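For the sequence shown, counting from 1, position 234 maps to 467 in the numbering used here; every step adds exactly one.
Beta carbons: idealized from backbone N, C-alpha and C, even for Gly.
If you're wondering where the values come from, they're calculated on a predicted model, not measured in any experiment.
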Amino acid sequence: MTDKPDTTTHFGFETVREDEKAGRVQGVFSSVASKYDIMNDVMSGGVHRIWKDAMMDWLAPRPGQRLLDVAGGTGDISFRFLKRAGHGHATVLDLTEPMLVEGRKRAEAARMSDSLDWVVGDAMALPFEANTFDVYTISFGIRNVTRPQEALAEAYRVLRPGGRLMVLEFSQLPNPMMQAAYDAYSFNVIPRMGQVIAGDRDSYQYLIESIRKFPDQDSFLEMIRDAGFENAKYRNMTMGVAALHSGWKI
């Protein structure tokens, strides 16, 4: 009798055991935590701020709503949500505690402390009861989850009926020539910038590879529908460099 082989997944372009990936992702984000906002500026040319504002425009937060922001370590989405809502509550959940530490250091965290919780947790096993939140967001985080379909199922579980899922993630350009040019920039420039800015080339190399391994817009849309979400759709950001997916728990 032979042992069942370990289930594998990808860590960038490397194949690893599933039970290894979370620890390695934690290592990446522990390494870049203090430079995370700069990292997003490097990887998006600063445009991630516009994408996040567009996310809030489409979401249209309402007063009194409860948000769960998964992989939300530095609080970027939660702060935007609370400002737009006027009043409400945001729970920031992240697998990597140093990311949450960086989020708590931000000036907005002090001003909004009564409306914020910071929780260390796993997107695939959320430490919350079903039907708890009005909104679930995950921004540039779901591609780092070992099994994204399980994360989507958990999102559906913790949302209240009528609740909304929104996912912002780097994606694929529909034009092959533009994608090739963007790949050339990504693989040749961004890891070098990571070395200069954060002293960490390998983490940035992983982050670029993880984008290329993530499903394209339509494939991910189907994953959202498979998790049970209705009225699911997406919008491309900057020609598809990123995509914003939306779905509802009806």
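C-alpha distance - residue i paired with residue j, whole-angstrom precision
i	j	result
Gly-305	Gly-374	8 Å
Pro-296	Gly-319	6 Å
Leu-385	Thr-240	20 Å
Glu-253	Met-357	15 Å
Phe-447	Ala-340	33 Å
Val-353	Thr-379	17 Å
Gly-308	Glu-330	13 Å
Arg-468	Ala-460	19 Å
Leu-440	Met-345	30 Å
Ala-417	Met-276	13 Å
Ala-388	Val-325	14 Å
Tyr-338	Trp-291	Note on residue identity: the sequence assigns Lys, not Tyr, to residue 338. Those two C-alpha atoms are separated by around 28 Å.
Arg-282	Thr-242	31 Å
Lys-237	Arg-317	Only weak support is given to the placement of Lys-237: the predicted model assigns it a pLDDT of 43, under 50, and the question is left unresolved by the model.
Asn-421	Asp-433	15 Å
Ile-517	Glu-362	In the structure as shown, the chain starts at 234 and stops at 483, and residue 517 therefore has no counterpart that could be examined.
Val-368	Val-280	24 Å
Arg-445	Tyr-437	13 Å
Glu-455	Ala-343	39 Å
Asn-408	Gly-256	35 Å
Thr-370	Asp-435	27 Å
Val-334	Met-410	41 Å
Trp-284	Arg-250	33 Å
DSSP three-state assignment for residue i, whether helix, strand or coil
i	result
Gly-396	strand
Val-217	Residue 217 cannot be examined here, being either before or after the span of the chain that is shown, 234 to 483.
Met-357	coil
Asn-408	coil
Gly-336	helix
Ala-323	strand
Gly-480	strand
Ala-465	strand
Thr-242	strand
Phe-453	helix
Val-280	coil
Ile-444	helix
Leu-349	strand
Arg-313	helix
Met-234	The pLDDT assigned to Met-234 is 43, lower than 50, so where the model puts this residue is not dependable; a value taken from the coordinates is nonetheless given after this. Met-234: coil per DSSP, three-state reduction.
Arg-390	helix
Arg-250	strand
Pro-294	coil
Val-422	helix
Cβ neighbours of residue i in the same chain (closer than 6 Å, five flanking residues each side left out)
i	result
Phe-314	Pro-294, Leu-300, Ala-323
Ile-483	Glu-463
Pro-360	Gly-354
Asn-273	His-281
Residue i - partner residues in DSSP beta bridges
i	result
Val-232	Here the chain has residues from 234 to 483 only, and residue 232 is not among them.
Met-470	Ala-475
Asp-274	Answer is none; Asp-274 lacks a bridge partner.
Glu-402	Ala-476
Arg-434	Paired residue(s): none; Arg-434 is not in a bridge.
Arg-257	Bridge partners of Arg-257: none, in fact.
Cβ-heavy atom distance, residue i to the ligand FAD, below 7 Å
i	result
Leu-300	Of the ligands one can find in the structure shown there are none, so the ligand FAD has no counterpart to examine.
Other residues of its chain near residue i: CB distance less than 8 Å, five sequence neighbours each side excluded
i	result
Ile-457	Leu-385, Leu-398, Val-400, Ala-465, His-478, Gly-480
Leu-406	Gln-412, Tyr-415, Met-472, Gly-473, Val-474
Gln-450	Ser-404, Gln-405, Tyr-467, Asn-469, Gly-473, Ala-476, His-478
Sequence-distant residues of the same chain with beta carbon closer than 7 Å to residue i, five excluded per side
i	result
Phe-453	His-478
Phe-366	Arg-299, Leu-300, Leu-301, Val-391, Leu-392, Arg-393, Gly-396
Ser-311	Leu-300, Asp-302, Gly-305, Ala-323, Val-325, Leu-349
Ala-287	Met-470, Leu-477
Ile-271	Ile-430
Pro-381	Ile-375, Met-456
Contact between the stretch 345-359 and the stretch 417-427: three or more CB pairs below 8 Å?
The stretch 345-359 makes no contact with the stretch 417-427; the number of CB pairs closer than 8 Å stays below 3.
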